[in-house]
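As given, the protein sequences belong to chains C and S, one line each in that order.
Just add 17 to wherever you are in the first sequence, counting from 1, and you've got this note's numbering.
Just add 3 to wherever you are in the second sequence, counting from 1, and you've got this note's numbering.
C-beta: ideal position from N, C-alpha, C; glycine also.
Heads up, the thing below is written out as structure tokens.
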Amino acid sequence: MNPTETIREALPADPTALRAAARRVYRHRLPVRLMHWINVVCLTILLMSGLAIFNAHPALYWGDQSTFASPWVAITAVRTPQGVVGVTRIAGRQFVTDGVLGTSKAADGGKAVRAFPSWATLPSLQGLATGRHWHFMFAWLFVVNGVCYVLYALFSGHLRRDLLPTRAELRNIGGSIRDHLLFRHPSGEAAKRYNVLQNIAYLVVIFGLLPLLIIAGMAMSPRLDTVITGWVDLLGGRQSARTLHFLAAAGLLLFVVVHLFEVVVSGLWNQLRSMITGWYTVPAERKGEGA
Amino acid sequence: MTKRIISSGRQVAPSRRQALRAALASVGALSLAGCDGGMKGMASSVKGNVERLNHVVHTALTGRASMAQEFTQADVAAHFKANGTLVPADADYQALLRGQFADWKLQVDGLVEKPAAFTLAELRAMPSRTQITRHDCVEGWSTIGKWKGVPLSHVLAQVRPLPNAKYVVFRCADSMESPSAGHDSKYYESVDMDDAYHVQTVLAYELNDQPLPVNNGAPLRVRIERQLGYKHAKYLMRLELVERFDQIRGGAGGYWEDNGYQWYAGI
Chain C
18 MNPTETIREA
28 LPADPTALRA
38 AARRVYRHRL
48 PVRLMHWINV
58 VCLTILLMSG
68 LAIFNAHPAL
78 YWGDQSTFAS
88 PWVAITAVRT
98 PQGVVGVTRI
108 AGRQFVTDGV
118 LGTSKAADGG
128 KAVRAFPSWA
138 TLPSLQGLAT
148 GRHWHFMFAW
158 LFVVNGVCYV
168 LYALFSGHLR
178 RDLLPTRAEL
188 RNIGGSIRDH
198 LLFRHPSGEA
208 AKRYNVLQNI
218 AYLVVIFGLL
228 PLLIIAGMAM
238 SPRLDTVITG
248 WVDLLGGRQS
258 ARTLHFLAAA
268 GLLLFVVVHL
278 FEVVVSGLWN
288 QLRSMITGWY
298 TVPAERKGEG
308 A
Chain S
4 MTKRIISSGR
14 QVAPSRRQAL
24 RAALASVGAL
34 SLAGCDGGMK
44 GMASSVKGNV
54 ERLNHVVHTA
64 LTGRASMAQE
74 FTQADVAAHF
84 KANGTLVPAD
94 ADYQALLRGQ
104 FADWKLQVDG
114 LVEKPAAFTL
124 AELRAMPSRT
134 QITRHDCVEG
144 WSTIGKWKGV
154 PLSHVLAQVR
164 PLPNAKYVVF
174 RCADSMESPS
184 AGHDSKYYES
194 VDMDDAYHVQ
204 TVLAYELNDQ
214 PLPVNNGAPL
224 RVRIERQLGY
234 KHAKYLMRLE
244 LVERFDQIRG
254 GAGGYWEDNG
264 YQWYAGI
């Protein structure tokens with residue numbers, strides 16, 4: 018790439034700043050930035066309103082229907098001589114999750130019996146009806162945004178150019194894993210592209226996790242279940258669909274946590290600026306690093 | 004003001020154009036409603052439009068007569084979970100229960116040519132439909148049961164709805180708040196004519212081959228199989244055909260709807 022193309026501002030006099038300006042690249046185009054931040058808003062609201070909805074019946078099952086006596090996941094509270102204690106049961110094992118899951122601090126300072134704590138839910142007080150309104154409204158926005166993104170990725174070349182890893186990158190996947198484990202981040206030319214693990218993570222989320230999340234969500238709608246009568250069985254039944262929706266959301270949350278971690282360790286302000294303005298300063302090539 | 008009426012007196016004749024219009028309306032509501040009703044008006048307008056969008060898109064995708072899944076005897080849950088009112092405390096209901104519903108009658112009136120009242124024996128003598136379906140509660144759980152009842156379409160044919168009848172309102176015996184509180188808190192629900200005439204919409208008097216238990220709505224409850232549990236009104240006393248429901252009680256078309264839940268509960 019011709020370096021003059023990447024210089025945005027008038028050249029500063031200070032030589033260090035000059036070198037930084039020379040390494041500035043336009044990394045994220047406007048549609049991607051816009052859709053990214055719409056996603057941030059949607060996912061935050063969808064997660065929190067989803068937890069509010071879950072709180073109305075904080076148990077998960079497999080199959081068509083609920084086996085009330087034996088959910089595979091349940092967040093509940095038990096009475097003990099020491100008082101009410103929040104517990105989480107997963108596949109027959111019980112964990113004390115007092116203070117966060119099952120019970121948490123109430124507004125008046127006392128102990129509230131609720132699955133997810135009020136700081137994690139929308140609305141914060143128990144409100145299934147309100148949670149549903151938030152959830153369905155932002156589900157539409159999220160899906161429309163997602164469809165726009167996929168179409169954009171296909172037709173702008175974003176998918177081929179940025180998201181799909183090259184054969185060479187795939188061959189060097191071991192090296193990329195090693196770099197990640199050592200918190201060694203790409204510099205120079207390599208930093209202008211998504212790395213191969215990033216490619217794989219994004220592709221799995223965009224074409225695996227999110228479609229599963231959306232389809233499992235739709236399978237919970239009794240009306241959409243009638244599109245082709247019985248299609249919900251492909252997911253193992255409605256209660257399995259509810260479980261898969263929850264697990265896919267948990268997977269997405271895990272992705273976001275790792276994503277945020279990587280943003281912080283690879284240069285918070287540089288990354289944040291590039292997702293707001295598009296401009297990213299490529300870290301200087303390190304000495305002794307083979308290409 | 005007009006928006007409120009549009010969203011509660013809705014008409015369902017889905018088409019792609021309507022879906023598009025509803026989608027645009029939801030977006031438009033964000034900017035428009037801000038002017039007349041402030042944040043609160045905007046919120047309720049957006050909520051109404053999203054709900055309408057869900058309804059129109061679902062109807063367009065599934066068709067008006069799509070069928071809910073039916074299961075086999077082996078799928079029937081050992082115990083059909085009951086929710087909401089379990090035993091109505093209302094004195095009139097208690098009296099009917101003591102008489103084993105011999106004095107109970109289902110009143111059918113409103114916008115019909117021939118209002119009528121049917122005893123349980125008369126309803127049982129009508130053609131029946133038996134179906135094993137999954138009951139999905141708004142809370143998130145599901146349970147499968149076997150229902151037997153008279154198709155609502157058959158009952159409607161007896162009373163002959165007038166052309167302007169757009170909704171069936173189900174009036175129930177159970178007060179949701181203390182009956183002594185003084186104000187009417189009796190459960191009620193409503194559906195449009197697509198659901199009223201749907202093949203699987205039955206007035207059920209049997210659950211799992213037994214007379215409908217009190218916990219599940221004795222002597223009669225409605226099954227609206229493509230919607231969530233709160234639409235399936237229990238302890239039925241009266242069906243009222245109406246053109247609009249915005250003047251009934253809270254105006255939202257049902258007890259839970261008046262408390263913030265969606266009228267369209269297909270999701």
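DSSP state of residue i mapped onto helix, strand, coil
i                : result
Met65 (chain C)  : helix
Asn19 (chain C)  : Bear in mind that a pLDDT of 44 at Asn19 (chain C), under 50, signals an unreliable position, so the number given afterwards is only what the model happens to contain. DSSP places Asn19 (chain C) in coil when its eight states are reduced to three.
Val111 (chain S) : strand
Gly268 (chain C) : helix
Pro48 (chain C)  : helix
Met240 (chain S) : strand
Gly37 (chain S)  : Bear in mind that the predicted position of Gly37 (chain S) carries a pLDDT of just 44, short of 50, making it unreliable; the figure below should be weighed with that in mind. Residue state, collapsed to three classes: helix.
Ser173 (chain C) : helix
Thr33 (chain C)  : helix
Gly305 (chain C) : Only weak support is given to the placement of Gly305 (chain C): the predicted model assigns it a pLDDT of 46, under 50, and the value that follows is read from those uncertain coordinates. Coil.
Phe121 (chain S) : strand
Tyr264 (chain S) : coil
Ile24 (chain C)  : Any reading at Ile24 (chain C) must be qualified, since the residue scores a pLDDT of 46, below 50, and its modelled position is unreliable; the value itself is stated next. Ile24 (chain C) falls in the coil class under three-state DSSP.
Leu187 (chain C) : helix
Phe16 (chain C)  : An answer regarding residue 16 (chain C) cannot be provided, because it is not within the stretch 18 to 308 covered by chain C.
Ile232 (chain C) : helix
Val79 (chain S)  : coil
Val245 (chain S) : strand
Ser257 (chain C) : helix
Residue from the options with nearest C-alpha to residue i
i                : options                                : result
Phe200 (chain C) : C:Val275, C:Ala132, C:Asn162           : C:Val275
Gly295 (chain C) : C:Asn216, C:Gly234, C:Lys209, C:Ala185 : C:Lys209
Trp151 (chain C) : C:Met237, C:Val130, C:Arg106, C:Ser66  : C:Ser66
Leu145 (chain C) : C:Ala69, C:Leu171, C:Asp179            : C:Ala69
Glu192 (chain S) : S:Gly254, S:Leu109, S:Gln134, S:His138 : S:Gly254
Cys59 (chain C)  : C:Ala86, C:Leu227, C:Tyr219, C:Leu47   : C:Leu227
Tyr200 (chain S) : S:Asp93, S:Ala160, S:Val111, S:Gly256  : S:Ala160
Lys128 (chain C) : C:Leu158, C:Gly103, C:Thr138           : C:Gly103
Val50 (chain C)  : C:Arg177, C:Asn216, C:Ala123, C:Tyr166 : Note that residue 50 (chain C) is Arg in the sequence shown, not Val. Selected option, being the one with the closest Cα: C:Tyr166.
Leu180 (chain C) : C:Ala124, C:Met154, C:Val222           : C:Val222
Arg96 (chain C)  : C:Ser87, C:Gly119, C:Thr33             : C:Gly119
Val12 (chain C)  : C:Leu269, C:Ala108, C:Arg131, C:Arg178 : This structure does not reach residue 12 (chain C), given that chain C is present from 18 up to 308, and the question cannot be answered.
Asp195 (chain S) : S:Gly269, S:Gly41, S:Ser48, S:Leu215   : S:Gly269
Phe121 (chain S) : S:Thr133, S:Ala105, S:Leu114           : S:Ala105
Leu114 (chain S) : S:Leu242, S:Gly263, S:Asp139           : S:Leu242
Thr243 (chain C) : S:Asp212, S:Leu244, S:Met70            : S:Met70
Ala124 (chain S) : S:Gly44, S:Val111, S:Trp107            : S:Trp107
Asn262 (chain S) : C:Asp31, C:Arg149, C:Ala38             : C:Arg149
Val101 (chain C) : C:Ile62, C:Ala156, C:Gln111, C:Val130  : C:Val130
Per DSSP, cross-strand counterpart(s) of residue i
i                : result
Ser145 (chain S) : S:Asp139
Trp337 (chain S) : No information on residue 337 (chain S) is available, as it lies outside the stretch 4 to 270 that chain S covers here.
Gly100 (chain C) : C:Thr97
Asp195 (chain S) : S:Tyr170
Ala76 (chain C)  : C:Ala91
Gly119 (chain C) : C:Arg131
Gln111 (chain C) : C:Arg106
Ser193 (chain C) : According to DSSP, Ser193 (chain C) bridges with nothing at all.
Lys189 (chain S) : S:Ser178
Val42 (chain C)  : C:Tyr297
Arg226 (chain S) : S:Val205
Pro164 (chain S) : S:Val115
Which of the residues in the region 130 to 155 of chain S, read from start to end, lie with their CB under 7 Å from any CB of chain C?
Arg137, Asp139, Val141, Glu142, Gly143, Trp144, Ser145, Thr146, Ile147
Taking contact to mean 3 or more Cβ pairs, one atom from each stretch, closer than 8 Å, check whether the region 188 to 195 of chain C and the region 83 to 92 of chain S are in contact.
no
Would you check if there are 3 or more beta carbon pairs closer than 8 Å linking the region 243 to 254 of chain S to the region 161 to 181 of chain S?
yes
Taking Cβ-Cβ distances below 9 Å as the criterion, which residues of the region 160 to 180 of chain S are in contact with chain C?
none
Closer than 8 Å between beta carbons: that is the criterion. Which residues of the region 216 to 249 of chain C meet it against chain S?
Met237, Ser238, Pro239, Arg240, Leu241, Asp242, Thr243, Val244, Thr246, Gly247, Val249
May I ask you to list, following chain order, the residues of the region 231 to 258 of chain S that have a beta carbon less than 9 Å from some beta carbon of chain C?
Leu231
Evaluate the contact criterion for the region 224 to 236 of chain C versus the region 253 to 265 of chain C: three or more CB pairs, one atom per stretch, below 8 Å.
yes
Can you confirm whether the region 247 to 256 of chain C touches the region 75 to 82 of chain S when touching is taken to mean that 3 or more C-beta pairs between the two stretches lie within less than 8 Å?
no
Residues of the region 58 to 74 of chain C in Cβ contact with chain S at a cutoff of 9 Å, in chain order, please.
Ile70, Phe71, Ala73, His74
Counting pairs of Cβ atoms below 8 Å between the region 148 to 155 of chain S and the region 76 to 87 of chain C, do you hit three or more?
no
At a CB distance below 7 Å, what residues from the region 75 to 98 of chain C approach chain S? Give them in sequence order.
Asp81, Gln82, Ser83, Phe85
Counting only Cβ-Cβ distances shorter than 9 Å, please list the residues of the region 139 to 153 of chain C near chain S, keeping chain order.
Gly144, Leu145, Ala146, Thr147, Arg149, His150, Phe153
Taking contact to mean 3 or more Cβ pairs, one atom from each stretch, closer than 8 Å, check whether the region 254 to 269 of chain S and the region 219 to 226 of chain S are in contact.
no
Any chance the region 34 to 43 of chain C sits against the region 275 to 287 of chain C, with 3 or more Cβ pairs inside 8 Å?
no
Which residues, in chain order, does the region 153 to 167 of chain C contribute to contact with chain S at a C-beta distance below 7 Å?
Phe153, Met154, Trp157
Looking at chain S, which residues of the region 121 to 137 of chain C have a Cβ within less than 8 Å of any of its Cβ atoms?
none
Any residues in the region 57 to 72 of chain S with a beta carbon nearer than 7 Å to a beta carbon of chain C? Which ones, in chain order?
Asn57, His61, Leu64, Thr65, Ser69, Met70, Ala71, Gln72
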